[in-house]
Amino acid sequence: MHTDFLTFDDYQHIGLKCGLEVHQQLRTRHKLFCKCPNTSYTDHYDAEILRHMRPTLSEMGEYDRTALMEFRTRKEILYRLNRDRVCTYEIDDAPPFGLNREALEIAVEIAGLFHCNIVGEIHIARKQYLDGSIPTGFQRTMIVGLEGWFPMNGRRIRVRQLSLEEDACREVSDVGHRRTYFTDRLCIPLIEVVTEPDFRTPEEAWQGAEVIRRTTRVTGKVRRGAGSTRQDTNVSVSGGDRVEIKGVPGTRYIPHLVHWEAIRQRALLEIATTLKHRGLAREDFGDTWKDVTELVRLTTWPLLRDAIAKGHRVNAIRLPRFKGILNHSLGQNRRFVDEVRDRVRVVACLDSEPNLLYCEDPLPNVAQRIWQRAAVALGADEHDSVVLVWGAPRDLQTASEEVVWRCRDALTGVVPDTRQVEEDGTTRFERVLAGPNRMYPDTDMPPVAITAEQLARIQARTPAAPWDRYEILTKEYGLPDDAADALILDGNADLYLKAVREVGAPPRFASHLLTNAYRRLQRRWEAPESIPQEGVLDFFRAYVAGRFTREVAYRVLERLAHDPAAGIEGALAGVPQREELSKLDLDARVHPVLEEHRELLRARPREKAEHIAMGLVRSVVEGVARGPEIRQSVARWFDLEEVIG
Amino acid sequence: MSTPAVPSDRYRGYKGRALDLLKQFGVGVWSLATVKTTRGTVEGLILPRSETFDDLHIVLKIDSGYNIGLDVTTIEDMSEKSFKKADYHIPERVVPRNPALPDVKLLGTGGTIASRLDYRTGAVIPSFSPGELYGAVPELAEISNLDTEKIFGIFSENMGREQYIGAALKCGEAIRAGFKGIVIGHGTDTMAHTAAVLSYMVQSSPVPIVMVGSQRSSDRPSSDAALNLIHAVTAAGYGDIAETMVCMFGPTSDEYGLLHRGTRVRKMHSSYRSTFRTVGDIPVAMVTREHVIPLRDDYNHRRDDTNVTIDAVYDDRVTLLWFYPGMKPDIMKAMVDLGYRGIVIGGTGLGHVNRPMYEALKYAQDKGVHVYMTVQTLWGYVQMYVYETGREMMELGVIPTGNMLPEAAFMKLSWVLAHTDDRDEVRSRMLTPIASEITEREPHDGYLIYQGGIPEVEEFVSRHLK
Numbered sequence: 004m005h006t007d008f009l010t011f012d013d014y015q016h017i018g019l020k021c022g023l024e025v026h027q028q029l030r031t032r033h034k035l036f037c038k039c040p041n042t043s044y045t046d047h048y049d050a051e052i053l054r055h056m057r058p059t060l061s062e063m064g065e066y067d068r069t070a071l072m073e074f075r076t077r078k079e080i081l082y083r084l085n086r087d088r089v090c091t092y093e094i095d096d097a098p099p100f101g102l103n104r105e106a107l108e109i110a111v112e113i114a115g116l117f118h119c120n121i122v123g124e125i126h127i128a129r130k131q132y133l134d135g136s137i138p139t140g141f142q143r144t145m146i147v148g149l150e151g152w153f154p155m156n157g158r159r160i161r162v163r164q165l166s167l168e169e170d171a172c173r174e175v176s177d178v179g180h181r182r183t184y185f186t187d188r189l190c191i192p193l194i195e196v197v198t199e200p201d202f203r204t205p206e207e208a209w210q211g212a213e214v215i216r217r218t219t220r221v222t223g224k225v226r227r228g229a230g231s232t233r234q235d236t237n238v239s240v241s242g243g244d245r246v247e248i249k250g251v252p253g254t255r256y257i258p259h260l261v262h263w264e265a266i267r268q269r270a271l272l273e274i275a276t277t278l279k280h281r282g283l284a285r286e287d288f289g290d291t292w293k294d295v296t297e298l299v300r301l302t303t304w305p306l307l308r309d310a311i312a313k314g315h316r317v318n319a320i321r322l323p324r325f326k327g328i329l330n331h332s333l334g335q336n337r338r339f340v341d342e343v344r345d346r347v348r349v350v351a352c353l354d355s356e357p358n359l360l361y362c363e364d365p366l367p368n369v370a371q372r373i374w375q376r377a378a379v380a381l382g383a384d385e386h387d388s389v390v391l392v393w394g395a396p397r398d399l400q401t402a403s404e405e406v407v408w409r410c411r412d413a414l415t416g417v418v419p420d421t422r423q424v425e426e427d428g429t430t431r432f433e434r435v436l437a438g439p440n441r442m443y444p445d446t447d448m449p450p451v452a453i454t455a456e457q458l459a460r461i462q463a464r465t466p467a468a469p470w471d472r473y474e475i476l477t478k479e480y481g482l483p484d485d486a487a488d489a490l491i492l493d494g495n496a497d498l499y500l501k502a503v504r505e506v507g508a509p510p511r512f513a514s515h516l517l518t519n520a521y522r523r524l525q526r527r528w529e530a531p532e533s534i535p536q537e538g539v540l541d542f543f544r545a546y547v548a549g550r551f552t553r554e555v556a557y558r559v560l561e562r563l564a565h566d567p568a569a570g571i572e573g574a575l576a577g578v579p580q581r582e583e584l585s586k587l588d589l590d591a592r593v594h595p596v597l598e599e600h601r602e603l604l605r606a607r608p609r610e611k612a613e614h615i616a617m618g619l620v621r622s623v624v625e626g627v628a629r630g631p632e633i634r635q636s637v638a639r640w641f642d643l644e645e646v647i648g
Numbered sequence: 042m043s044t045p046a047v048p049s050d051r052y053r054g055y056k057g058r059a060l061d062l063l064k065q066f067g068v069g070v071w072s073l074a075t076v077k078t079t080r081g082t083v084e085g086l087i088l089p090r091s092e093t094f095d096d097l098h099i100v101l102k103i104d105s106g107y108n109i110g111l112d113v114t115t116i117e118d119m120s121e122k123s124f125k126k127a128d129y130h131i132p133e134r135v136v137p138r139n140p141a142l143p144d145v146k147l148l149g150t151g152g153t154i155a156s157r158l159d160y161r162t163g164a165v166i167p168s169f170s171p172g173e174l175y176g177a178v179p180e181l182a183e184i185s186n187l188d189t190e191k192i193f194g195i196f197s198e199n200m201g202r203e204q205y206i207g208a209a210l211k212c213g214e215a216i217r218a219g220f221k222g223i224v225i226g227h228g229t230d231t232m233a234h235t236a237a238v239l240s241y242m243v244q245s246s247p248v249p250i251v252m253v254g255s256q257r258s259s260d261r262p263s264s265d266a267a268l269n270l271i272h273a274v275t276a277a278g279y280g281d282i283a284e285t286m287v288c289m290f291g292p293t294s295d296e297y298g299l300l301h302r303g304t305r306v307r308k309m310h311s312s313y314r315s316t317f318r319t320v321g322d323i324p325v326a327m328v329t330r331e332h333v334i335p336l337r338d339d340y341n342h343r344r345d346d347t348n349v350t351i352d353a354v355y356d357d358r359v360t361l362l363w364f365y366p367g368m369k370p371d372i373m374k375a376m377v378d379l380g381y382r383g384i385v386i387g388g389t390g391l392g393h394v395n396r397p398m399y400e401a402l403k404y405a406q407d408k409g410v411h412v413y414m415t416v417q418t419l420w421g422y423v424q425m426y427v428y429e430t431g432r433e434m435m436e437l438g439v440i441p442t443g444n445m446l447p448e449a450a451f452m453k454l455s456w457v458l459a460h461t462d463d464r465d466e467v468r469s470r471m472l473t474p475i476a477s478e479i480t481e482r483e484p485h486d487g488y489l490i491y492q493g494g495i496p497e498v499e500e501f502v503s504r505h506l507k
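For the record, the sequence lines run as chains A and B. For what it's worth, the numbering used here labels the leading residue of the first sequence as 4, then goes sequentially. For what it's worth, the numbering used here labels the leading residue of the second sequence as 42, then goes sequentially.
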């Protein structure tokens with residue numbers, strides 16, 4: 004279990020609130036809105052197409068702010084198409100081919116597990132995304148359940164909604180003004196579980212993610228493997244605003260990310276307070292910058308020199324009363340200037356490192372006299388900061404605007420961003436957090452009613468929630484936590500309970516088989532899911548009936564997985580069967596083998612020798628008699644030897 | 042294309058049990074309501090319901106922006122928290138004329154080339170005034186001055202005689218008023234039909250007449266509407282090609298548009314952006330955001346004068362008959378008896394029908410009905426001398442139309458028959474091309490349909506943007 008960086012009281016003091024948005028891919032035959040197969044990813048592609056995204060005006064004559072930001076990036080989007088994974092729907096050249104009912108039913112099932120109120124009629128909506136991750140420019144999404152909850156540590160964590168939606172493309176690269184995607188993941192059915200910000204510490208957020216993950220898996224109808232579950236985390240502190248962190252690589256990173264985001268937000272609030280004390284107001288920021296290309300022309304600093312040689316221009320920007328602010332720490336070796344640089348990189352598509360210079364930069368950059376001259380040109384004094392950006396004219400314009408806007412927003416404290424997780428465990432600005440107003444109805448498909456009969460049918464086949472199972476497995480059957488977890492996560496808890504309750508399999512043995520043995524089989528490519536439930540139960544029946552011993556259990560299971568049609572009889576056929584041997588009969592098989600190796604065995608101390616002896620007789624009597632019986636037979640030989648001398 | 046809801050209708054779209062429930066609790070459309078149901082309590086804005094949906098659900102827009110439907114049998118109570126009527130009035134913005142840019146007339150017939158979204162209600166509202174268009178497609182303000190006129194607002198499959206004549210007359214007006222080019226916004230379903238008939242009705246135009254639409258509705262971020270509009274306005278304002286053309290995507294990528302002659306273009310796929318293709322020849326030009334690049338030099342060049350010949354007449358007693366094996370003559374006889382004056386046949390192969398149809402052809406000939414032959418294969422010429430069938434049919438008065446597309450031939454016959462009923466006159470007019478509806482020759486690149494799956498084709502496709 005993870006140790007928090009601060010105490011519970013500390014997090015309460017700063018007013019940390021955290022919520023989760025967990026995306027889970029479903030396992031269905033087809034994709035959500037077309038008949039392409041819902042299957043593995045591939046990097047192979049047969050064709051490419053090029054598109055651009057444009058925002059749509061709202062009725063107020065304005066654009067949604069995220070859409071506007073994306074439009075300013077002027078990205079070209081390239082989509083790679085694989086003939087067997089996508090059709091005309093995915094490339095937005097055909098309307099949807101209807102809603103996948105299999106996916107809908109799984110979503111309703113999972114919503115029920117979270118105690119959600121299921122809506123009477125599903126209405127499909129369009130949620131606009133202009134980053135290019137969906138070729139239509141919007142994601143088709145629908146609410147299935149509202150206002151649910153799940154138990155955790157004796158509390159109820161509220162689930163705001165559960166929705167069903169199509170997954171987006173996988174990004175290949177994002178360089179300059181071109182972004183490239185693979186389309187195979189597009190339109191795979193996804194459920195989204197959105198919680199209220201009820202998590203009070205980073206640890207709780209992590210636990211919550213684990214519970215949600217287990218709950219979806221209990222149905223056995225979700226996709227597994229890398230990328231099949233993605234969790235986004237929302238974090239805010241008192242006085243701040245909601246920031247969304249996307250692309251969390253695994254639940255175990257959640258505590259780290261939440262903690263450092265809280266620290267970053269606190270730092271931003273500090274900056275805001277400092278600036279206000281200095282008397283800075285939003286009006287103090289004119290959109291004033293100056294072209295200083297001539298002032299900088301003779302610099303020897305490489306990036307700037309090369310840019311000028313290419314014909315790019317350089318702007319100097321004055322940040323009023325900003326002295327020291329750009330160097331203000333945000334935790335994790337990041338400073339406020341990095342936030343500004345990220346904006347320039349994302350929106351103006353200027354991705355050189357660095358893409359911006361500032362006068363207080365501790366790292367070597369342009370000569371001091373250039374800063375002095377720029378300051379004079381801008382009319383900046385010792386309380387101000389000066390920044391240099393460079394690029395092609397349109398990008399430079401965008402970059403200069405972004406610098407001013409981001410620094411002006413420092414007065415607000417925390418800006419509601421969507422942030423992306425980087426490899427070094429920090430987060431970077433990815434885009435402006437979308438407003439609530441980028442949704443509108445999808446008129447390409449009619450609404451779908453969920454009748455009472457359907458609900459009843461789905462509820463009847465819904466398995467018990469993991470927290471129910473957990474109790475039973477650990478308390479009633481005494482399984483250790485990790486064994487119970489493994490059974491639930493692997494989706495075998497129901498099967499386990501049947502085995503122990505109906506067939507009378509010993510709890511520990513059954514647990515070991517259905518977790519360790521199953522996983523071992525999976526690694527060796529045998530697919531235990533191919534064994535039908537009855538086959539597994541037959542396996543346990545045969546064991547309980549004493550048809551084979553514990554020692555050969557794995558081999559029997561392996562044979563069963565390899566040829567499930569042959570059933571338990573077929574599996575047992577190639578494996579030594581348990582026999583009811585008298586001690587004499589057993590000795591008759593064991594002792595001759597030991598006789599053969601007499602010299603070897605007598606040369607060793609008894610304990611070691613017995614161990615070696617067990618190895619020697621294994622092939623002869625394993626499975627025929629139980630381990631303890633064989634050990635006794637071996638012991639009898641050693642006893643005889645001692646007597647004989 | 043959606044029409045905006047009428048704000049005064051308190052129960053718009055609701056009927057039966059849903060309507061009763063709304064009345065019972067005193068709430069209606071645009072009420073912000075709290076609804077108690079057996080599946081929980083929910084708060085949201087009650088939205089209008091589409092007339093074709095059932096009477097068992099009430100639609101609510103909830104806080105997150107999603108819409109949900111509540112089952113009426115689960116509703117226990119509804120109460121109104123507040124009420125705010127939807128107001129679809131769009132603020133007008135005046136855009137000053139830039140004398141350095143060409144003046145282009147934009148005629149609207151109904152296709153939605155630009156729209157706005159009311160996120161509050163989810164309605165898609167067509168945008169058409171210059172201010173709205175510049176707002177939706179800012180690039181237009183740098184290309185030309187737009188004068189917009191909505192001449193009608195209908196789905197293109199509902200176009201007919203009135204609309205064709207009206208559009209042609211409006212083109213004449215615009216040309217005489219001195220506009221440097223005309224853009225016509227039109228639904229894509231019958232855009233080619235309208236383009237063909239305007240090619241006959243508007244002759245010797247001194248300026249380009251460019252028809253444009255969108256395959257993906259313009260409310261979508263991915264819509265082809267904006268780029269099509271940019272291309273069309275560029276072609277109309279700056280292009281040298283003074284003909285009636287269709288301007289739509291070349292490939293499905295946002296790469297370039299194509300200008301197709303109105304009489305040789307056809308919609309070839311139900312949904313692809315790249316659906317419009319020139320049949321039996323190459324397109325007239327490519328068009329990008331900056332340039333019009335002619336692909337040939339045998340077009341009517343732009344002129345400085347404002348002279349044009351408008352011949353806007355149309356006889357709607359013409360029909361199109363798509364032959365199939367096993368067709369019985371009674372169908373054609375019925376058409377003749379109903380008073381149709383012209384029949385364009387889509388024949389198989391080089392232009393054939395079956396033997397039983399001969400008596401119907403004779404019947405039509407005797408009644409003075411004008412029968413013309415085109416090919417179902419769309420590409421290729423009608424050639425009725427090669428087989429006996431064809432020769433026999435020509436004896437019965439069927440006239441081959443070279444490589445006129447069936448729809449272009451249908452439009453032409455409708456236009457010609459409004460001038461005369463004299464057999465020879467009709468024939469002469471039909472077979473004398475005005476705007477390349479018949480071409481003298483088909484070079485090798487008039488028919489380039491490559492099959493997927495073939496290695497070299499797949500290889501080519503993989504190397505170019507589709």
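Ideal placement from N, C-alpha and C gives every residue a C-beta, glycine not left out. Since the structure is predicted, the reported quantities are computational estimates derived from the model, not experimental observations.
Original post:
How long is the line joining the alpha carbons of E247 of chain A and H614 of chain A, rounded to whole angstroms?
Top reply: Rounded to the nearest whole angstrom, the C-alpha separation of E247 of chain A and H614 of chain A is 59 Å.
Original post:
Can you give, in chain order, each stretch of the alpha helix (DSSP H) that sits fully within the stretch 56 to 131 of chain B and has at least 4 residues?
Top reply: Entirely contained in the stretch 56 to 131 of chain B, the alpha helix (DSSP H) runs reaching 4 residues are, in chain order, 57 to 66.
Original post:
Hey, is E62 of chain A's beta-carbon within less than 8 Å of any beta-carbon in chain B?
Top reply: In this predicted model, E62 of chain A has a pLDDT of only 49, less than 50, meaning its place in the structure is not dependable enough to derive any value.
**OP:** Buried or exposed for I52 of chain A, please, with buried defined as at least 16 other CB atoms from any protein chain shown within 10 angstroms of its CB.
**Re:** The residue is buried, with at least 16 neighbouring Cβ atoms inside 10 Å.
Original post:
Counting only runs that start and end within the stretch 67 to 93 of chain A, where is the alpha helix (DSSP H) found for 4 or more residues in a row?
Top reply: Here the runs fully enclosed are 68 to 76.
Original post:
Quick one: complete alpha helix (DSSP H) runs, 4+ long, within the stretch 570 to 637 of chain A?
Top reply: Runs of the alpha helix (DSSP H) inside the stretch 570 to 637 of chain A: 570 to 576, 586 to 599, 601 to 605, 609 to 624.
**OP:** Name the two residues that bound the continuous beta strand (DSSP E) containing E195 of chain A.
**Re:** 192 to 198 is the extent of the beta strand (DSSP E) around E195 of chain A.
Subject >> Whole-number beta carbon distance between P249 of chain B and E296 of chain B, since they are thought to touch under 8 Å >> reply: Not a contact, Cβ separation roughly 21 Å.
**OP:** Taking 8 Å as the cut-off, decide whether the C-beta atoms of T101 of chain B and I116 of chain B are in contact.
**Re:** It should be noted that the sequence gives Leu, not Thr, for residue 101 of chain B. No, Cβ-Cβ distance for L101 of chain B and I116 of chain B is not below 8 Å.
Original post:
Are any of the Cβ atoms in chain B nearer than 8 Å to that of Y459 of chain A?
Top reply: A quick correction: the sequence has Ala, not Tyr, at residue 459 of chain A. Closer than 8 Å: no.
Original post:
Given that a residue counts as buried once 16 or more other Cβ atoms are within 10 Å of its Cβ, and exposed if not, what is G577 of chain A?
Top reply: The residue in question, G577 of chain A, is exposed, as its Cβ has fewer than 16 Cβ neighbours within 10 Å.
Original post:
What distance in whole Å lies between the Cβ atoms of C352 of chain A and G179 of chain A, which are believed to be in contact at a cut-off of 8 Å?
Top reply: Sure, about 5 Å apart at Cβ, within 8 Å.
Subject >> Contacting residues, own chain, Cβ-Cβ under 8 Å from F11 of chain A (five flanking each side not counted) >> reply: Hits under 8 Å: R203, T204.
**OP:** Consider the Cβ of F141 of chain A: report whether some Cβ of chain B lies at a distance smaller than 8 Å.
**Re:** So, interface residue.
Original post:
In whole angstroms, what is the alpha-carbon distance linking F565 of chain B and D134 of chain A?
Top reply: In the structure as shown, chain B starts at 42 and stops at 507, and residue 565 of chain B therefore has no counterpart that could be examined.
Subject >> Classification of W292 of chain A by the beta-carbon crowding that lies within 10 angstroms, buried from 16 upward >> reply: By the 10 Å Cβ count, W292 of chain A comes out buried.
Original post:
Three-state secondary structure (DSSP) at S469 of chain B?
Top reply: Correct three-state label for S469 of chain B: helix.
**OP:** Quick one: give me the first and last residue of the alpha helix (DSSP H) that L458 of chain A is part of.
**Re:** 455 to 464 is the span of the alpha helix (DSSP H), which, as asked, contains L458 of chain A.
Subject >> Proximal chain A residues relative to T522 of chain B, where beta-carbon distance stays under 9 Å >> reply: The requested residue 522 of chain B does not occur in the structure, where chain B is confined to residues 42 to 507.
**OP:** Would you be able to state if there are at least three C-beta pairs under 8 Å between the stretch 637 to 648 of chain A and the stretch 70 to 88 of chain B?
**Re:** By the Cβ criterion, the stretch 70 to 88 of chain B is not in contact with the stretch 637 to 648 of chain A, since fewer than three pairs of Cβ atoms, one from each stretch, lie closer than 8 Å.
Original post:
If you count every other CB in all the chains shown that lies within 10 Å of the CB of A229 of chain A, and 16 or more means buried, which is it?
Top reply: Around the beta-carbon of A229 of chain A, fewer than 16 other beta-carbon atoms lie within 10 Å, marking it exposed.
Original post:
Around the C-beta of T236 of chain A, are 16 or more other C-beta atoms found within 10 angstroms, so that it is buried, or is it exposed?
Top reply: Answer is buried; the Cβ neighbour count reaches 16.
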